[in-house]
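*Asks:* So that you can map any letter, position 107 of the sequence shown is 228 in my numbering, and since no number is skipped, the others follow by simple counting.
Mind looking over this structure? Questions follow.
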Amino acid sequence: MSNVHFIIRVYGIFIKEGNLLTVAENYNNQALVKFPGGGLQFGEGIKDCLKREWKEETGYEVDKAEHFYTNDFFQASAFHKNSQVISMYYLVECNGLNFNSIPNEKKITYNWQSLDSLDLNQFTLPIDRKVAELLYKTYSTDSANNKI
């Protein structure tokens, strides 16, 4: 059991005018579509991680963060053998961030996806798909149609 590890990930969910911000990037030579965020570092608080990762990926400060979801099921890491992933998601407010204002100094592609036409299959990671489904059911004007 000494080779078993926990990986804690923290992500921001930014919704503006019915659109959801997602990012596409490469990790270990695999294309990922995900929410902005990343891994918790030793000695770092959860919200500190969120703020650091958000700033790294978007160039903006998080003004407010409210917990939205933490996975409560086992999820093996797709990238690290013998590792379990625990992911936390926060609804974030970010003043000044709009559809055309994100600086792109990294090899990241930013996408704005309408919550009304959200495609769960665009998300690479299983927990992200679960969160996208919850977002659709909570915020989409089409959620009453049970499209997902």
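Virtual Cβ for every residue (Gly too), placed ideally from N, Cα, C.
Note that the structure is a prediction, hence the values are computed from the model and not measured.
Does Gly160 pass the burial test, meaning 16 or more other C-beta atoms within 10 Å, or should it be called exposed?
*Replies:* exposed
*Asks:* What does DSSP give as the partner residues of Val183 in its beta bridges?
*Replies:* DSSP lists no partner for Val183.
*Asks:* Measuring only the C-alpha atoms, how far is Tyr257 from Phe163?
*Replies:* 33 Å
*Asks:* What residue from Leu246, Glu254, Leu255 and Asp169 has the CA that sits closest to Phe200's CA?
*Replies:* Leu246
*Asks:* Identify whether Ser204 lies in helix, strand or coil by the three-state DSSP scheme.
*Replies:* strand
*Asks:* Relative to the C-alpha of Gly158, which residue among Thr179, Asn140, Asn150 and Asn124 is closest?
*Replies:* Thr179
*Asks:* Work out the CA separation of Leu241 and Tyr260 for me, nearest whole Å.
*Replies:* 14 Å
*Asks:* From Ser238, Lys228 and Val252, pick the residue whose C-alpha is nearest to that of Asn150; which is it?
*Replies:* Lys228
*Asks:* Give the DSSP-derived three-state secondary structure of His126 in the structure shown.
*Replies:* strand
*Asks:* Using three-state DSSP, classify Glu178 as helix, strand or coil.
*Replies:* helix
*Asks:* Need the endpoints of the alpha helix (DSSP H) that Thr259 sits in, please.
*Replies:* Pro247 to Tyr260
*Asks:* Which residues does DSSP list as the beta-bridge partners of Glu214?
*Replies:* Lys185
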